[in-house]
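Read the structure below first, then the notes.
4 protein chains.
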Amino acid sequence: MPYQRSEKVEQKMEVKEKAIIIAAKEIFARDGYSAASVKNIACRAGVASGTLYLYFDNKDSLFMAVMSELYEELLGAIKLARKSEKDTLHKLSASLRAALNIFAANREMAELVVLQGPNSNASLSKQVATMEDLLAKLVSQDIEAAVDKGLLPKQHALISSLAFVGSLNQVITSWLREGKPENLAEAVEPLIKYNLNALGAKTSD
Amino acid sequence: MPYQRSEKVEQKMEVKEKAIIIAAKEIFARDGYSAASVKNIACRAGVASGTLYLYFDNKDSLFMAVMSELYEELLGAIKLARKSEKDTLHKLSASLRAALNIFAANREMAELVVLQGPNSNASLSKQVATMEDLLAKLVSQDIEAAVDKGLLPKQHALISSLAFVGSLNQVITSWLREGKPENLAEAVEPLIKYNLNALGAKTSD
Amino acid sequence: MPYQRSEKVEQKMEVKEKAIIIAAKEIFARDGYSAASVKNIACRAGVASGTLYLYFDNKDSLFMAVMSELYEELLGAIKLARKSEKDTLHKLSASLRAALNIFAANREMAELVVLQGPNSNASLSKQVATMEDLLAKLVSQDIEAAVDKGLLPKQHALISSLAFVGSLNQVITSWLREGKPENLAEAVEPLIKYNLNALGAKTSD
Amino acid sequence: MPYQRSEKVEQKMEVKEKAIIIAAKEIFARDGYSAASVKNIACRAGVASGTLYLYFDNKDSLFMAVMSELYEELLGAIKLARKSEKDTLHKLSASLRAALNIFAANREMAELVVLQGPNSNASLSKQVATMEDLLAKLVSQDIEAAVDKGLLPKQHALISSLAFVGSLNQVITSWLREGKPENLAEAVEPLIKYNLNALGAKTSD
DNA sequence: TATGAATGAGCCTTCATTCAT
DNA sequence: GATGAATGAAGGCTCATTCAT
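Chains as they are written, first to last, in the working numbering: chain A, 468 to 672; chain B, 468 to 672; chain C, 468 to 672; chain D, 468 to 672.
Take a look at the structure:
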């Protein structure tokens with residue numbers, strides 16, 4: 468029964484691959500890209516360092532796998548949150564709120580996505596940047612849509628979207644590095660208000 | 468003749484120290500802290516690697532020297548720009564404008580200050596963060612002052628200042644990495660407007 | 468008056484050369500040959516490292532100069548002490564006593580002659596060994612003379628002289644490294660007695 | 468097949484570890500601690516320099532491993548020789564004889580134990596000195612025991628034991644460096660006689 | 001003569017990657 | 001597939017020596 472066997476093996480491999488990614492997240496988040504050693508990651512994953520190379524081409528590609536997974540998760544959560552909202556501006560707010568919530572719940576992810584991802588190594592940074600862009604593009608599209616609908620005044624959508632995303636990044640960075648704000652939760656509403664004001668949304672209050 | 472230090476030699480040394488810092492900026496900007504090698508830097512500076520250690524204690528201290536110089540330059544430009552303005556809100560705008568201008572004129576500095584500085588190495592990052600903080604504090608103080616004067620509505624000053632600085636960072640990051648916006652100049656006014664709106668300033672138009 | 472001038476200069480140089488040797492003794496004694504750095508020695512001598520090379524070909528030759536001087540001093544003291552004695556066996560005792568006395572009075576010398584000298588570097592060790600030999604030869608000659616005169620029984624003069632010198636060395640080594648005996652003075656008589664017994668001298672008591 | 472360690476691999480590793488130690492003995496004996504380079508040792512062992520660090524933490528610990536092994540071997544031989552003797556004084560003679568024999572058979576060991584060991588590096592020397600002391604203590608205990616039994620006259624046991632060990636050291640040193648005596652074998656009986664006389668043993672002849 | 005900045009070979013050590021098992 | 005011992009290039013840094021001044 469070669470078919471079943473292959474399935475089992477495949478399952479085992481998936482398990483191992485996941486273990487490696489989980490370990491990699493921990494180590495990369497804690498030590499940063501350069502200081503993280505392959506041996507450490509393998510060790511944490513309960514796997515020999517050679518084994519790691521059966522699942523990933525090299526350290527870089529492991530890092531990218533980690534980042535991809537994180538971005539997928541992050542964007543998934545954001546997209547999900549947006550689905551519950553009809554109004555474009557509410558979509559924007561929901562995005563911000565979802566991002567802050569997921570980072571608050573998963574500090575490691577924040578560390579990786581916000582701090583380590585963008586600063587790994589010349590070539591990796593470029594690839595990560597591509598993923599980072601997705602969020603900016605989402606925001607940009609919302610802004611353009613809202614402008615079209617007359618919900619927002621005309622503006623430089625690129626700059627606005629970058630500013631929007633940047634404000635989020637900085638708050639998280641400060642939270643991670645300085646512990647200020649102490650809780651991401653307290654940042655949610657002020658940050659949403661800040662950006663909606665910035666975009667020119669007429670807030671009800 | 469027991470060695471004439473004062474004149475030529477001292478000058479030559481200053482020149483050499485500067486050459487090393489210039490080279491370090493190039494290499495650190497291009498490769499990042501970890502991937503940059505001391506040998507490379509020395510080589511680029513036209514100096515033997517041992518020579519570098521006559522001017523700097525070690526790689527870390529060279530990096531800090533580079534960063535310090537850059538922050539001094541950056542904050543100097545910002546403070547200068549602020550001096551010409553009386554009004555608190557104008558001070559804020561002037562700060563943003565000055566920062567964008569200096570980065571536009573000095574892409575390498577942007578690369579180092581915005582991208583490499585924050586992600587070098589655990590202990591260096593902390594020191595750099597201290598310098599980064601200065602800008603955020605400046606903004607925070609302005610906001611609080613403006614709120615006190617009734618120029619701005621009450622708000623969460625920490626979050627507002629982080630968002631302010633973050634929006635700037637992100638625009639520069641995107642410019643460096645994606646080439647969008649193509650020119651920082653075009654970002655200046657939209658970004659100022661974005662943040663003034665965000666802060667709740669009543670814009671005249 | 469070129470003659471006088473040359474004399475002055477020569478004097479100055481002798482002063483400087485001596486300063487370097489004095490400094491070298493300190494540093495070599497403290498750090499050992501390899502760990503002692505030329506720069507440190509020059510610095511301690513109040514001289515630039517380049518200057519050192521006007522007086523000595525290189526680190527090795529400086530070390531040899533130090534050792535030569537020490538051996539000269541040591542052997543001088545020993546020969547002087549021997550002169551006051553007529554009897555061959557008394558010459559031997561006097562040698563031992565003189566050696567212990569000079570080391571007790573000059574711990575640095577002991578450190579260099581006994582510990583550092585023999586273990587500097589492959590080629591230096593050989594040269595130092597040649598100087599070490601002088602003491603052994605002196606002892607050997609005494610033994611042979613005493614045997615000829617019937618003061619000592621026939622024996623393997625080489626072995627006896629080596630043992631004699633070795634016993635001295637070991638006591639000093641232990642004194643330097645372990646602080647046992649606390650005082651070299653207390654070692655003098657036991658050590659003399661040990662070796663006279665060893666040589667077969669009929670001690671009066 | 469998750470890697471078969473137990474048999475061949477483990478054996479190979481032991482072989483390799485031994486090869487490294489053997490190479491280290493050669494190089495340390497030839498060049499001394501400081502001048503010996505890790506690369507050279509690895510090379511002589513037929514191993515990459517990185518491999519060496521799989522077996523030893525660093526150069527220091529490799530050196531200590533070498534010295535420990537040698538001291539173990541040396542003291543083992545001495546203790547074995549002593550076991551065959553009942554009389555305290557015979558134990559002493561047997562110790563000396565055993566030491567000379569093992570050095571005669573293993574010149575490299577002599578080089579390391581007598582010449583290099585004591586002069587490696589500040590912190591290592593101390594550790595080595597601890598091992599060196601064992602021999603001196605053995606001798607010291609014998610002397611004290613013999614004195615108690617009335618086999619030897621009262622004496623300064625510390626000085627006597629140091630002299631005893633020193634005489635041995637010096638003979639070996641001279642043999643190694645000067646080639647005198649040509650053969651250690653010829654030194655055995657004279658040296659034993661020298662020291663027994665020294666201690667005040669009533670020799671039968 | 002005296003200086004000390006400059007050199008660069010060489011040091012010990014790390015670590016991503018490979019490959020025999 | 002899994003292992004982990006082995007590799008060796010590359011890293012930061014030191015220091016005896018040189019040489020322009």
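A virtual CB, placed ideally from N, CA and C, is assigned to each residue, including glycine.
- For the C-beta of G499 (chain B), the chain A residues within less than 9 Å are, from N- to C-terminus, S501, N586, S587, N588, A589 and S592.
- Between T555 (chain C) and A612 (chain C) the beta-carbon gap is near 5 Å, inside 8 Å, which marks them as a contact.
- Contact with chain A is found for L629 (chain B), since one of that chain's Cβ atoms lies less than 8 Å from the residue's Cβ.
- Leaving aside the five residues that flank V632 (chain D) on each side, the residues in its chain whose CB is nearer than 8 Å to its CB run, in chain order, L602, A603 and V606.
- Annotated as distal: Y520 (chain C) and I487 (chain C), with beta-carbon spacing of 8 Å or more.
- For S562 (chain C), no CB of chain D lies under 8 Å from its own CB, so it is not counted at the interface with that chain.
- At least one CB atom of chain C sits nearer than 8 Å to the CB of R644 (chain D).
- Along the stretch 649-671 of chain A, the positions whose C-beta sits under 7 Å from a C-beta of chain B are A654, P657, L658, Y661, N662, N664, A665 and G667, read in chain order.
- Between W642 (chain C) and the set C:T518, C:A572 and C:I494, the nearest pair of CA atoms involves C:A572.
- Out of D:N586, D:R574, D:I494 and D:A665, the CA that lies nearest to the CA of E649 (chain D) is found in D:R574.
- Per DSSP, reduced to three states, the secondary structure at L519 (chain D) is helical.
- If you draw a 10 Å sphere on the C-beta of M480 (chain D), you find fewer than 16 other C-beta atoms in it, and that means exposed.
- Here L658 (chain C) really is in contact with V638 (chain C); their C-beta atoms are around 6 Å apart, less than 8 Å.
- Close CB contacts of A654 (chain A) within its chain, under the 6 Å cut and outside five residues either way in sequence, are with V638 and P648 (chain order).
- Sequence-distant partners of R497 (chain C) (beyond 5 residues in either direction) whose C-beta falls short of 7 Å from its own C-beta are missing from its chain.
- Annotated three-state conformation of Y500 (chain C) is coil, per DSSP.
- Following the DSSP letters along the chain, one finds S628 (chain B) inside the alpha helix (DSSP H) bounded by residues A624 to E645.
- Of the residues assessed, D524 (chain D) falls on the exposed side of the cut-off, its CB having fewer than 16 other CB atoms within 10 angstroms.
- Pairing S634 (chain D) with S551 (chain C) gives a Cβ-Cβ distance that is not under 8 Å.
- Between L582 (chain C) and T640 (chain C), the C-beta spacing is below 8 Å.
- For P657 (chain C), the enclosing alpha helix (DSSP H) has its first and last residue at A652 to L666.
- For H623 (chain C), the C-beta contacts it makes with chain D under 9 Å involve P648, E653, A654, E656, P657, L658, K660 and Y661, in order along the chain.
- Secondary structure of L619 (chain D) (DSSP, three-state): coil.
- Per DSSP, reduced to three states, the secondary structure at P585 (chain C) is helical.
- Against N636 (chain C), the close residues of chain D are G633, N636 and Q637, in the order they occur along the chain (beta-carbon pairs closer than 8 Å).
- Within the stretch 566-585 of chain D, the residues whose Cβ lies closer than 8 Å to some Cβ of chain C are L582, Q583 and P585, listed in chain order.
- Around the beta-carbon of D609 (chain A), 16 or more other beta-carbon atoms lie within 10 Å, marking it buried.
- Less than 8 Å divides the Cβ of A589 (chain C) from the Cβ of A502 (chain D).
- Closer than 8 Å to the CB of S641 (chain B) there is at least one CB belonging to chain A.
- Within 10 angstroms of the beta-carbon of L547 (chain A) lie fewer than 16 other beta-carbons, which makes it exposed.
- Around the beta carbon of Q622 (chain B), 16 or more other beta carbons sit within 10 angstroms, so the residue counts as buried.
- Nearest CB-CB separation between I487 (chain B) and chain A: not below the 8 Å threshold.
- Around the C-beta of S592 (chain D), 16 or more other C-beta atoms lie within 10 Å, and the residue is accordingly described as buried.
- For G513 (chain C), the three-state secondary structure derived from DSSP is coil.
- D600 (chain B) carries a helical assignment under DSSP once its states are collapsed to helix, strand and coil.
- Distance check between G499 (chain A) and each of A:V614, A:A577 and A:G667 places A:A577 closest, using alpha-carbon atoms only.
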